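Note that the protein sequences, when read in sequence, are chains A and B.
Numbering follows this note's numbering, with no gaps: position 36 of the first sequence is 54.
Numbering follows this note's numbering, with no gaps: position 97 of the second sequence is 115.
In this text, a Cβ means the ideal position worked out from N, Cα and C, and glycines have one as well.
Keep in mind that this is a model prediction, so the values were computed, not measured.
Since the structure comes first, as structure tokens, the remarks are kept for the end.
Protein chains: 2
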Amino acid sequence: MTDALILFAHGARDPGWSRPFQRIREQVLAAAPGIRVELAFLEHTRPSLEEAVAVLSSHGIMRATLVPLFLGQGGHLKQDLPALVARVRERFPSVVLRTTPAIGESQQLTAMIAAWALEQHRLPG
Amino acid sequence: MTDALILFAHGARDPGWSRPFQRIREQVLAAAPGIRVELAFLEHTRPSLEEAVAVLSSHGIMRATLVPLFLGQGGHLKQDLPALVARVRERFPSVVLRTTPAIGESQQLTAMIAAWALEQHRLPG
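Spelled out as structure tokens, the structure:
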């Protein structure tokens, strides 16, 4: 295996914050058991992107797809992430890193969120 | 109509950041045209929760469901949101505000995100 999927999220001080992201990782693995999947975080939560790519590089991974698990695209994705990616590419030139659109760009995913929100609204309570 | 759905998100300095959240609102409206749906933000982006509930209250809305459009649950949902909700309830006692789980708590939604991330990983590029 020479390629990997990196799920990139914001990070937070609360250690329980990353649970849904860990679940997403497990759900990717359940759907595609052979794949290598790593979480990486912008701040507060470890590993950082650089740490995650260091591990991948040490395992001979040559290509990685980075999927930003962000709904909105602001400074974190427009400025911070490109700067991080540039640094990682410089430090690990053997790993080809491709960044995909953020999850919020998928109309299919936002429609699922909309449907779920509506379902919550309609629940008695 | 006396009830409303509030989609609550983080907010950001970048004005383009809220686009996916506006799309989620439009997708709820497309699925349920009769419903009243408002966006509200924790910081940076307007309206705040208090501003959104003020508008609802002035339109005679008596019940609102607040759905947190957050994947991870950290300080923002565990401390900031309950404090905000308490303040809003005090200021607008005529509006019954019910908070639902955050989107990241839905295993169905995280599975959709996992499937989408995998799809992005498998795209040629």
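In terms of CA proximity to Thr20 of chain B, B:Val73 leads the group B:Ala129, B:Val106, B:Ala120 and B:Val73. Between Ile24 of chain B and the set B:Glu44, B:Thr128 and B:Pro33, the nearest pair of CA atoms involves B:Glu44. Among the residues facing chain B, Glu123 of chain A is included, as its CB has a counterpart in that chain under 9 angstroms away.
The beta carbon of Met130 of chain A sits closer than 9 angstroms to some beta carbon of chain B. Legend: CB atoms of the segment 31 to 44 of chain A lying less than 7 angstroms from CB atoms of chain B belong to residues Arg31, Asp32, Gly34, Trp35, Ser36, Pro38, Phe39, Arg41 and Ile42.
A Cβ-Cβ contact shorter than 9 angstroms links Val85 of chain A with Ile121 of chain A. Within the segment 98 to 137 of chain B, the complete beta strand (DSSP E) segments of 3 residues or longer fall at 114 to 117, listed in chain order.
Minimum Cα-Cα distance from Leu47 of chain A among the listed residues B:Gly29, B:Leu136 and B:Ala58 corresponds to B:Leu136.
Listed in chain order, the non-local C-beta contacts of Met80 of chain A below 6 angstroms within the same chain comprise Thr20, local neighbours out to five positions each way being set aside. Taking one beta carbon from each stretch, the segment 26 to 36 of chain B and the segment 88 to 106 of chain B have 3 or more pairs nearer than 8 angstroms; the two touch. A distance below 9 angstroms separates the beta carbons of Val103 of chain B and Leu67 of chain B. Going by C-alpha positions, His139 of chain A is about 18 angstroms away from Ser112 of chain B.
For Gly52 of chain A, the number of other beta carbons within 10 angstroms of its own is below 16, and it is reported as exposed. For Thr20 of chain B, there are no neighbours in chain A by C-beta distance under 8 angstroms, as the nearest C-beta there is about 13 angstroms away.
Under the 10 Å beta carbon count, Gly92 of chain B is surrounded by 16 or more other beta carbons and is classified as buried.
Taking CB atoms only, Leu127 of chain A has a neighbour in chain B less than 9 angstroms away. Exclusion of the five residues before and after Trp134 of chain B leaves no residue of its chain whose Cβ lies closer than 8 angstroms to its Cβ. For Leu136 of chain B, the residues of chain A that pass the 8 angstroms Cβ criterion are Leu23, Val46, Ala49, Ala50 and Ile53, in the order they occur in the chain.
Under the DSSP assignment, Arg81 of chain A falls in the beta strand (DSSP E) whose first and last residues are Arg81 to Pro86.
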